[in-house]
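At the far end of the sequence shown sits residue 605, using the UniProt record's numbering, and the numbering has no gaps.
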Amino acid sequence: MFELTRRRKVIILVLVDSLLLGISILSSYYFMTPFVGIDQDYLAVNLGVSLIFYIGYGMLFKTFTRINRYTNLNEMAAIFSAITCTVISSFIIQYLFMQKISLRLQLLTYILSMFLIISSRLFWRIYIEHKAQRQESPLNKHRTLIIGAGEGGRILCNSILSSKAINDLEVIGFVDDDPNKYKTYLSGIKVVGNTKDLPRLIDELSIDMVTIAIPSLPRKRIREIFHLIESKEVKMNTMPSIEEIASGKINVSRLKEIDVVDLLGREEVKLDLDKLKSHISEKVILVTGAGGSIGSEICRQVLAFSPKKLLLLGHGENSIYLIHRELSGDPSYNKTEIIPIIADIQDREKIFHIMKEYQPDIVYHAAAHKHVPLMEYNPREAVKNNIIGTKNVAEAAKEANVKNFVMVSTDKANNPPNVMGATKRIAEMIVTGLNGENCTKFSAVRFGNVLGSRGSVIPVFREQIAKGGPITITDFRMTRYFMTIPEASRLVIQSSALAKGGEIFVLDMSEPVKILDLARNMIRLSGYTEEEIEIVETGIRPGEKLYEELLLDKERNDEQVYEKIFVGNIKGYPIQEVMEFVTGLSDDDKQLAKEVVAFARASSK
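Structure follows, in structure tokens:
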């Protein structure tokens, strides 16, 4: 079977363009002969010289190697340049060597050849697209509205029209809030209204899918659009960013599902890059719990500031292996020595040895047990890891003269009714209590639930939806504060640069989110209804709160030290009393749990 290779395509284009150029010259000659006396010798020379020059300039401007199914202004400009240079060069040669020239003949040849060659490219593109639509398109196409009639919309629409990967979509129209674009056309598709018209347009045009083609659209606006059409049975997604498409990392055909993160309406904080660069660059950084959700993201964020060494400390060998492989495999981080360390923070001797050997400048302490119900069943493990482990790392840091120590804490440390929160509050007391003059600056950072982290509700809900339901919620009244993993990690890093010593930084978590609403949105985003995926109330678990707060009312401080970062007015606690309490804990697990919770709650009063 004859295969149209790239080389054959080039040969065909050269022949077709040469034929059209020849037709243009001959047509001009026969049209102009009655008005201007032109002999056949002049015609032969003009024809031969023009063809040679056109093929040469065509190679120079790459008019024969471009993909004609994507013919656009750039390709037309290349053809324009090749023909213009050909006519000018032919004119000069004929004037110099033949002393014969016909300006009218050259001008008519120029106009005809431009029209015929560009038209041939456009007709070929139309033919290919029409053929692809007839032969490759499925019978039931998804009727799609594109939000954004700008550059992103143009790229997406052209990709849909020409791509085999997404040939099951049919672009019905564009939606744009710019009133000047209404009823205009982009890539042959009409702008049919603005975003407020979406509910009406979905019904009138029988739309199956809405795709956002504005890569820079704020999350708040995405949430508004989602709520505007959530009653309609349509799928909603976004295109990748222009940068991702340009870099080749993501193909435009891979439309991204709207993530539940986008519906929080939170805009991620921007870091003080200059301050952080001087704070981290050429320093030795130690991250405990480096294989966890927060710890691994702190590592990624820190590497952007080119530390001298990054120490990845964790107890789980697999998670440390994965984050080490990811980071060490990125060539942009080759200035930093990345060292994986398998160690348990409960191993005091090992932790002290690590601090002494590597002499870190900054420690981000993210290692902890964080699962509330699990720690109710295992209170001693919570104490050993969250309290004793933190004490080991903090004291080792102080002995090694670490400049800055930041502990990752939680909103569950505020007036805690459960073991996990209580152990984190006592860990805060130890860390801030160790702060002193002319030594390590100790601080802690409190924030709420992190979206997508291990043990959070998001992965659990996704798994339940994938299994066909039901989604289980302990209490329909329950609310939680949420933040993305990158945002939480950025704010932890920013807090370390702000620390003067002894602070408990509190991150602005915005408004609390009802877990029931979160579940409903996730069902909707997955393409199901609540009739298909049931939501079941199971009853509150041991140690759980209905509502969580980052601070008590008396601890609140409305003055931000940085965007979304506050310092809580949390009273200190004598470090000696904390240490005495920890060493005197009961051997009985039930009694130990009561003692830990009582002590932590008393410290808040």
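From the three backbone atoms N, C-alpha and C, an ideal C-beta is built for every residue, glycine too.
Under the assumption that Asp208 contacts Arg143 (Cβ atoms under 8 angstroms), give the Cβ distance between them as a whole number of angstroms.
Your numbering for residue 208 matches position 208 in the sequence shown. Your numbering for residue 143 matches position 143 in the sequence shown. Asp208 to Arg143, Cβ: 5 angstroms. Contact.
With C-beta atoms as the reference, is Ile79 less than 7 angstroms away from Ile23?
Looking up residue 79 in the sequence shown gives position 79. Looking up residue 23 in the sequence shown gives position 23. No, these two residues do not count as a Cβ contact at 7 angstroms.
Tell me whether Thr195 is buried or exposed, calling it buried when 16 or more other Cβ atoms sit within 10 Å of its Cβ.
Taking the first residue of the sequence shown as position 1, residue 195 is located at position 195. Buried.
C-alpha distance - Lys370 paired with Ser187, whole-angstrom precision
The sequence position of residue 370 within the sequence shown is 370, counting from 1. The sequence position of residue 187 within the sequence shown is 187, counting from 1. Looking at the two C-alpha atoms, the distance is approximately 52 angstroms.
Span of the beta strand (DSSP E) around Met239
As a working note, residue 239 is residue 239 in the sequence shown. Where Met239 is concerned, there is no enclosing beta strand (DSSP E), given that its DSSP letter is neither H nor E.
On the criterion of 16 or more Cβ atoms from any shown chain inside 10 Å, does Ala600 qualify as buried, or is it exposed?
Residue 600 sits at position 600 when you count from the first residue of the sequence shown. Ala600 is buried by the Cβ-count criterion.
How would you write the range of the beta strand (DSSP E) that Gly193 sits in, first residue to last?
Here residue 193 is taken as the residue at index 193 of the sequence shown, counted from 1. Taken as a continuous stretch (DSSP letters only), the beta strand (DSSP E) holding Gly193 covers 189 to 193.
Helix or strand or just coil, what does DSSP make of Tyr321?
Here residue 321 corresponds to residue number 321 of the sequence shown, with the count starting at 1. Here Tyr321 sits in helix by DSSP.
Does the beta carbon of Thr195 fall short of 6 angstroms from some heavy atom of the ligand NAD?
Of the ligands one can find in the structure shown there are none, so the ligand NAD has no counterpart to examine.
Just how far apart, CA to CA, sit Leu374 and Asp177?
Translated into positions along the sequence shown, residue 374 becomes position 374. Translated into positions along the sequence shown, residue 177 becomes position 177. Approximately 50 angstroms between the Cα atoms of the pair.
Around the C-beta of His324, are 16 or more other C-beta atoms found within 10 angstroms, so that it is buried, or is it exposed?
Walking along the sequence shown from the start, residue 324 turns up at place 324. So His324 ends up on the buried side.
Can at least three beta-carbon pairs, one atom from the segment 327 to 338 and one from the segment 384 to 395, be found at a separation below 8 angstroms?
no
Only counting runs of 3 or more residues, tell me where the beta strand (DSSP E) segments fall wholly within the segment 472 to 501, in order along the chain.
482 to 484
Counterpart residues of His279 in DSSP-defined beta bridges:
Counting from one through the sequence shown, the residue named residue 279 turns up at place 279. According to DSSP, His279 bridges with nothing at all.
Of all the alpha helix (DSSP H) runs that stay within the bounds of the segment 321 to 348, which reach a length of 4 or more residues?
Taking 4 residues as the minimum length, the segment 321 to 348 contains no alpha helix (DSSP H) run wholly inside it.
With distance defined between alpha-carbon atoms, name the residue in Ile93, Leu96, Val87 nearest to Arg104.
Numbered from 1 along the sequence shown, position 104 holds the residue referred to as residue 104. Arg104 has its Cα closest to that of Val87, out of Ile93, Leu96, Val87.
Three-state secondary structure assigned by DSSP to Val234
Here residue 234 is taken as the residue at index 234 of the sequence shown, counted from 1. It is coil, neither helix nor strand.
According to DSSP, what are the bridge partners of Phe405?
The residue given as residue 405 occupies position 405 in the sequence shown. For Phe405, which the question treats as bridged, DSSP gives the partners Val363, Phe442.
Specify the secondary structure class of Asp553 as computed by DSSP and reduced to three states.
By one-based count along the sequence shown, residue 553 stands at place 553. At Asp553, the pLDDT of 49 sits below 50, so the modelled position is not reliable; the number obtained from the coordinates is stated separately. Reduced to three states, the DSSP call for Asp553 is helix.
Reducing DSSP to helix, strand and coil, say where Tyr562 ends up.
Here residue 562 corresponds to residue number 562 of the sequence shown, with the count starting at 1. In this structure, Tyr562 counts as strand in the three-state DSSP scheme.
Quick one: what's got a C-beta closer than 7 angstroms to residue 606's C-beta in the same chain, skipping five residues either side?
The displayed coordinates of the chain run from 1 to 605. Any statement about residue 606 would go beyond what the structure contains.
Reduced DSSP category for Phe91 - H, G, I as helix; E, B as strand; rest coil
As a working mapping, residue 91 is identified with position 91 in the sequence shown. Correct three-state label for Phe91: helix.
So, under 8 angstroms CB-CB, Tyr481 and Gly448 are touching, yes? Tell me the CB distance rounded to an integer number of Å.
Position 481 of the sequence shown holds residue 481. Position 448 of the sequence shown holds residue 448. That pair is a contact at about 3 angstroms.
What does a CB cutoff of less than 6 angstroms around Val431 pick up in its chain, not counting 5 residues either side in sequence?
Locating residue 431 in the sequence shown gives position 431, counting from the first residue. So the list reads Ala394, Met407, Phe442, Ala444, once near-sequence residues are dropped.
Which residue comes first and which comes last in the alpha helix (DSSP H) that contains Val210?
For the purposes of this step, residue 210 is taken as the residue at position 210 of the sequence shown. Here Val210 belongs to no alpha helix (DSSP H); instead the beta strand (DSSP E) covers 209 to 212.
Exposed or buried, Gly468, counting other C-beta atoms within 10 Å across all chains shown (16 or more means buried)?
Position 468 of the sequence shown, counted from the start, is the residue given in the question as residue 468. Gly468 should be labelled exposed.
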